[in-house]
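This report refers to the structure that appears directly beneath it.
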Amino acid sequence: MAFLQWFFLPALAAIGANVKRTTQAITAAEVSQWATSDQLHYPVGIADLALSSLQKQGYVESRALKPQRSRSPRLWFATATGLQVAQAAAQAMPGATPDLQALPTRVWNLLRIRRRLTAVEAAETLIDADDNFEAQTKRIGALLLAWTKHPTSAVVTGQKREAGGRVRYVLVKDLGRWPPPTKPGQIHPSQLPNASAVPARYRKTSPAVASDSEGCIDQ
71 MAFLQWFFLP ALAAIGANVK RTTQAITAAE VSQWATSDQL HYPVGIADLA LSSLQKQGYV
131 ESRALKPQRS RSPRLWFATA TGLQVAQAAA QAMPGATPDL QALPTRVWNL LRIRRRLTAV
191 EAAETLIDAD DNFEAQTKRI GALLLAWTKH PTSAVVTGQK REAGGRVRYV LVKDLGRWPP
251 PTKPGQIHPS QLPNASAVPA RYRKTSPAVA SDSEGCIDQ
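Throughout the sequence shown, residue numbering follows our numbering, covering 71 to 289 in sequence.
Written as structure tokens, this is what we have:
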């Protein structure tokens, strides 16, 4: 994707935080409500423009309404790819933090500290004595292996195996607090392009705030 206009990521993040399936209908009014915050004013006109932009990227689609419902709000639906990107956008928003108790986050934070790690070493550090050590070690190994396959290329396998045939995983790119995804097609926040600055008229700290019905933008 090219350098994004400011309204693109708030709409994506709003969808990522509130839409869980591709069959869930979305309206511009809902996106406006979801994206509006203590810092950001996001009128319906901007939300409608953002949805049209997302459609061009293949992230949402609009389905034709029946003639008798032509006056109803236009309905949008996130595509499978759109949901993946939207979830990454939600993670990229200020204040968003991963679950610090989740195993992927704990393993990722340990790898960020040590830079090199085997599944056994991670398990010895992170797994409680009453847990199934072998099963948890396999889970950790599966996580580390999945990270080596993600397009972010943040983790690679060491050239030499350790004693007992253990694989050592090496951190080559620190992606920040969010661990790499583990499933094909998932997007990491670091893969999203930067967006242009929010115009002053849409920042809540600005004395001049656009009306909800306003659809013009600063580009």
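Idealized CB from N, CA, C, for every residue including glycine. The model shown is predicted, which means the values in this text are computed figures rather than measured ones.
Range covered by the alpha helix (DSSP H) that runs through residue i
{"i": "E100", "result": "98 to 105"}
{"i": "G211", "result": "203 to 219"}
Three-state secondary structure assigned by DSSP to residue i
{"i": "F147", "result": "strand"}
{"i": "L262", "result": "coil"}
{"i": "S281", "result": "Any reading at S281 must be qualified, since the residue scores a pLDDT of 43, below 50, and its modelled position is unreliable; no value is offered."}
{"i": "R273", "result": "strand"}
{"i": "A95", "result": "strand"}
{"i": "V226", "result": "strand"}
{"i": "S142", "result": "coil"}
{"i": "E232", "result": "coil"}
{"i": "L110", "result": "strand"}
{"i": "V290", "result": "A question about residue 290 goes unanswered here, because the residues of the chain that appear run from 71 up to 289."}
{"i": "V291", "result": "Residue 291 is absent from the structure shown; the chain starts at 71 and stops at 289."}
{"i": "V89", "result": "coil"}
{"i": "L74", "result": "strand"}
First through last residue of the beta strand (DSSP E) which encompasses residue i
{"i": "T188", "result": "186 to 188"}
{"i": "R238", "result": "238 to 241"}
Cβ distance (whole Å) where residue i is taken to contact residue j below 8 Å
{"i": "W76", "j": "P254", "result": "The Cβ separation is near 30 Å, so there is no contact."}
{"i": "T218", "j": "T207", "result": "Their Cβ separation, rounded to whole angstroms, is 17 Å, which puts T218 and T207 out of contact at 8 Å."}
{"i": "P113", "j": "S102", "result": "6 Å"}
{"i": "A158", "j": "P259", "result": "5 Å"}
{"i": "D244", "j": "R182", "result": "6 Å"}
{"i": "V177", "j": "A192", "result": "5 Å"}
{"i": "L110", "j": "Y272", "result": "6 Å"}
{"i": "R247", "j": "P164", "result": "In fact, because the Cβ distance is near 12 Å, the residues do not count as touching under 8 Å."}
Classification of residue i by the beta-carbon crowding that lies within 10 angstroms, buried from 16 upward
{"i": "G235", "result": "exposed"}
{"i": "A98", "result": "buried"}
{"i": "P301", "result": "The chain is shown only over 71 to 289; residue 301 falls outside these bounds and no answer can be derived."}
{"i": "Q171", "result": "exposed"}
{"i": "G211", "result": "buried"}
{"i": "Q229", "result": "exposed"}
{"i": "P174", "result": "buried"}
{"i": "G152", "result": "buried"}
{"i": "A162", "result": "buried"}
{"i": "T195", "result": "exposed"}
{"i": "T297", "result": "For the chain, the structure presents residues 71 to 289; residue 297 sits outside this window and is missing."}
{"i": "D118", "result": "buried"}
{"i": "A233", "result": "exposed"}
{"i": "V225", "result": "buried"}
{"i": "Q89", "result": "Here residue 89 turns out to be Val, not Gln, going by the sequence shown. That one is buried."}
{"i": "G86", "result": "buried"}
{"i": "A95", "result": "exposed"}
{"i": "V130", "result": "buried"}
{"i": "A189", "result": "buried"}
{"i": "A267", "result": "exposed"}
{"i": "A84", "result": "buried"}
Discussion item. Quick test of the definition: if touching needs 3 or more C-beta pairs under 8 Å, does the stretch 80 to 91 touch the stretch 104 to 111?
Written reply: yes
Practice prompt. Could you tell me whether the stretch 202 to 216 touches the stretch 144 to 158, using the rule of 3 or more Cβ pairs below 8 Å?
Written response: no
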